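This report concerns only the one structure given below.
Residue numbers (the numbering used here): 473 to 644.
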């Protein structure tokens with residue numbers, strides 16, 4: 473929620489949260505969801521990203537598939553199940569992945585040249601969040617593993633400043 477809302481505040485024309493379950497299963501406080509909607513965040517619910525689309529240096533889209541809810545999983549929430557043939561593409565130029573406190577296999581599989589640690593976490597500069605791939609920044613649990621919210625917030629703040637510098641330099 474924070475990443476999506478901050479993106480709009482920093483000038484993004486549109487900010488979309490893609491989530492594989494319904495709003496009832498969102499792991500966010502109700503007021504966070506309401507505030508996000510009030511700020512103009514779009515929600516693509518029952519949707520799961522399956523592939524990033526683009527060239528070497530330009531992201532153009534995220535291929536997604538529609539989901540439906542099946543039986544409950546270990547967490548007690550209904551398990552999302554892909555709907556065959558429902559693939560579609562969302563046009564994007566930037567993606568912020570905020571998917572938990574451990575490495576997700578989609579990230580290294582779809583981001584060639586991204587250096588990982590022995591534990592499968594993304595290797596990133598602790599001062600800037602810059603990864604081994606130009607223009608790709610990471611911070612928080614996907615870099616350090618499970619840690620405190622304060623540490624993740626600090627990494628996010630440092631990465632945001634580095635991303636801002638990177639984009640300004642690229643514009644010049």
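Glycine included, each C-beta is placed from N, C-alpha and C at the ideal position.
In this text the structure is predicted, and so the values were computed from the model without any measurement.
Handout entry: Limits of the unbroken alpha helix (DSSP H) element including residue 544
Key = Unbroken run through residue 544 is the beta strand (DSSP E), 531–544; no alpha helix (DSSP H).
Problem - Identity of the residue in 534, 482, 525 nearest residue 489 by Cα - result: 534
Problem - Distance CB(residue 537)-CB(residue 562) smaller than 9 Å - result: no
Exercise for the section: Inspect the beta-carbon positions of residue 508 and residue 568 and report whether they are closer than 9 Å. Expected result: no
Practice task
Compare the Cα-Cα distances from residue 493 to each of 601, 578, 553 and report the closest residue.
Solution key: 553
Practice task
With residue 628 as the anchor, note down where its alpha helix (DSSP H) starts and where it stops.
Solution key: 621–643
Handout entry: Assigned secondary structure, residue 518 (DSSP; H/G/I helix, E/B strand, else coil)
Key = coil
Problem - Alpha carbon of residue 590 to alpha carbon of residue 617, nearest angstrom - result: 12 Å
Problem - Among 622, 518, 527, nearest to residue 542 - alpha-carbon criterion - result: 518
Exercise for the section: Using three-state DSSP, classify residue 598 as helix, strand or coil. Expected result: coil
Problem - DSSP-derived helix/strand/coil call for residue 490 - result: strand
Exercise for the section: Taking 9 Å as the cut-off, decide whether the C-beta atoms of residue 601 and residue 624 are in contact. Expected result: no
Practice task
Look up residue 605 in the DSSP assignment and say whether it is helix, strand or coil.
Solution key: coil
Handout entry: Which listed residue (606, 522, 565) has its alpha carbon closest to that of residue 577
Key = 522
Handout entry: Residue from 497, 502, 499, 515 with nearest C-alpha to residue 476
Key = 515
Practice task
Work out the CA separation of residue 530 and residue 714 for me, nearest whole Å.
Solution key: Residue 714 falls outside the range modelled here, since the chain spans only 473 to 644, and no answer is possible.
Exercise for the section: Within its chain, find whatever has a CB closer than 7 Å to the CB of residue 486; leave out the 5 residues flanking it on each side and keep chain order. Expected result: 514
Exercise for the section: Give the single residue among 595, 610, 482 whose Cα lies nearest to the Cα of residue 640. Expected result: 482
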